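Asker: Below is a structure I'd like to ask you about.
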Amino acid sequence: MGKRILVQRRGRGGSVFRNPGWKRVAPARYLEYNAEEFKNKVLVGYVKELVHEPGRGTPLAIVQFEDGREMVMIPPEGLAVGQKIYYGAKAPIVLGSIIEVGSAPEGTIISNVEIRPGDGGKLARSSGAYALILAHSNGKTLIQLPSKKVKEVDSNARATVGMVAAGGRTEKPFLKAGKKYHWSRAKSFKYPTVRGKAMSAYAHPAGGGHHPKGLTPAPRNAPPGRKVGHIAARRTGRKKGASKTSK
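Numbering of the sequence shown is given in the numbering used here, commencing with residue 17 and proceeding in unit increments.
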């Protein structure tokens, strides 16, 4: 009798694979978008607390605004407890300010960038990440993403001035398997994982035998117990124009 392979267990959604959402602090989003308020007022807030959220690579900043509202944001590098931040399209371009990308000069370093006004922030949110404002044109702004790809966003979209805190996090080695295990638990990863090829034949379609074993590509509609290895090959057969190997 065979054994349920990893993709089957993951799909079933047991406790190992379930997201531990009860450990989360709060969604890191900007205040609910009010175009009139954002364009005409500059709110002043203070960083009340910097907290750690399990499973997230960056800290979180809890900001209290002068009108009593609270916001949880992804802090830029250098933000401190008690520091004053500004929120508004006409806010000064200083560290931590939440501004309109269209009002920032070219070359400004920003993070947690919205694609459309009101989506709460979608781009450059991981530790040490930042985007660069390149140009403004016809209500759109060109920014360079951490991947160096250039993307166009709405000029009314919001962003935070500065690069995301906790840069260099990935440069520190784990050193111990236990640390990797607890990190994986916080992010709902399965750790450790074993290669199917290293298993016995009963445990995995690629298992068994002492010689290299290649699997034919699994179709896109294959059941979870079969859907392993190469999924839905893009093409098959000999490439056109490929030279024939001489025997």
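Glycine included, every Cβ here is placed at the ideal spot set by N, Cα and C. No experiment lies behind these values; they were computed from the predicted model shown.
I125: which of V110, G134, G137 and V23 sits nearest, CA to CA?
Answerer: In the sequence shown, the residue the question calls residue 125 occupies position 109. Ranking the options by Cα distance to I125, first place goes to V110.
Asker: Pairs of beta-carbons, one from the stretch 225 to 241 and one from the stretch 99 to 106, closer than 8 Å: are there three or more?
Answerer: The stretch 225 to 241 vs the stretch 99 to 106: no contact.
Asker: Let's see if you can read the secondary structure: which residues bound the beta strand (DSSP E) around K26?
Answerer: Numbered from 1 along the sequence shown, position 10 holds the residue referred to as residue 26. Here the sequence assigns Arg to residue 26, which means Lys is not the residue at that position. No beta strand (DSSP E) contains R26, which is instead part of the alpha helix (DSSP H) from L22 to R28.
Asker: Could you tell me whether the Cβ atoms of I90 and V180 are closer together than 8 Å?
Answerer: Counting from 1 along the sequence shown, the entry for residue 90 is found at position 74. Counting from 1 along the sequence shown, the entry for residue 180 is found at position 164. Yes, the pair counts as a contact, with Cβ atoms nearer than the cut-off.
Asker: Does the beta carbon of K167 fall short of 7 Å from some heavy atom of the ligand SAH?
Answerer: As for the ligand SAH, it is missing from this structure, which has no ligand bound.
Asker: What residues in its chain sit with their C-beta under 6 Å from that of K164, if we drop five residues either side in the sequence?
Answerer: Position 148 of the sequence shown holds residue 164. Taken in chain order, the list of residues that qualify is empty.
Asker: Roughly how many whole angstroms lie between the Cα atoms of P208 and V60?
Answerer: Taking the first residue of the sequence shown as position 1, residue 208 is located at position 192. Taking the first residue of the sequence shown as position 1, residue 60 is located at position 44. Whole-angstrom Cα-Cα distance: 47 Å.
Asker: Could you spell out where the alpha helix (DSSP H) holding S200 opens and where it closes?
Answerer: Working through the sequence shown from its first residue, we reach residue 200 at position 184. Note, S200: alpha helix (DSSP H), A193 to A202.
Asker: Could you check the C-alpha separation between F190 and R25 for me, to the nearest Å?
Answerer: Within the sequence shown, residue 190 is the residue found at index 174, counting from 1. Within the sequence shown, residue 25 is the residue found at index 9, counting from 1. Near 27 Å, if we compare the C-alpha coordinates of R25 and F190.
Asker: Only counting the same chain, and skipping five residues up and downstream in sequence, which positions put a Cβ closer than 7 Å to that of I78?
Answerer: For the purposes of this step, residue 78 is taken as the residue at position 62 of the sequence shown. The answer, listed in chain order, is K64, E65, V67, E86 and V88.
Asker: Counting C-beta neighbours from all protein chains within 10 Å, is the total for H220 16 or more, i.e. buried, or is it exposed?
Answerer: Position 204 of the sequence shown, counting from 1, holds the residue named residue 220. The residue in question, H220, is buried, as its Cβ has 16 or more Cβ neighbours within 10 Å.
Asker: Tell me the start and end of each unbroken beta strand (DSSP E) in the stretch 119 to 146 that is at least 3 residues and wholly inside, in chain order.
Answerer: Segments of the beta strand (DSSP E) lying fully in the stretch 119 to 146: 125 to 127.
Asker: Assign G123 to buried or exposed, taking buried as 16 or more other Cβ atoms, counted over all protein chains shown, within 10 Å of its Cβ.
Answerer: Start at 1 with the first residue of the sequence shown, and residue 123 comes out as number 107. G123 comes out exposed.
Asker: Do three or more CB pairs link the stretch 42 to 58 to the stretch 19 to 33 at distances below 8 Å?
Answerer: Short answer: they don't touch.
Asker: Please go through the same chain and pick out, in chain order, the residues whose beta-carbon is closer than 7 Å to the beta-carbon of N172, but skip the five residues on each side of it.
Answerer: Numbered from 1 along the sequence shown, position 156 holds the residue referred to as residue 172. Cβ neighbours of N172 beyond the five flanking positions: E116, G118 and P133.
Asker: Just how far apart, CA to CA, sit R174 and Y146?
Answerer: Stepping through the sequence shown from its first residue, residue 174 is reached at position 158. Stepping through the sequence shown from its first residue, residue 146 is reached at position 130. Their Cα atoms are separated by approximately 14 Å.
Asker: Quick check: G73 and A140, are their CB atoms within less than 8 Å of each other?
Answerer: If you number the sequence shown from 1, residue 73 lands on position 57. If you number the sequence shown from 1, residue 140 lands on position 124. Cβ distance not < 8 Å, so G73 and A140 don't count as in contact.
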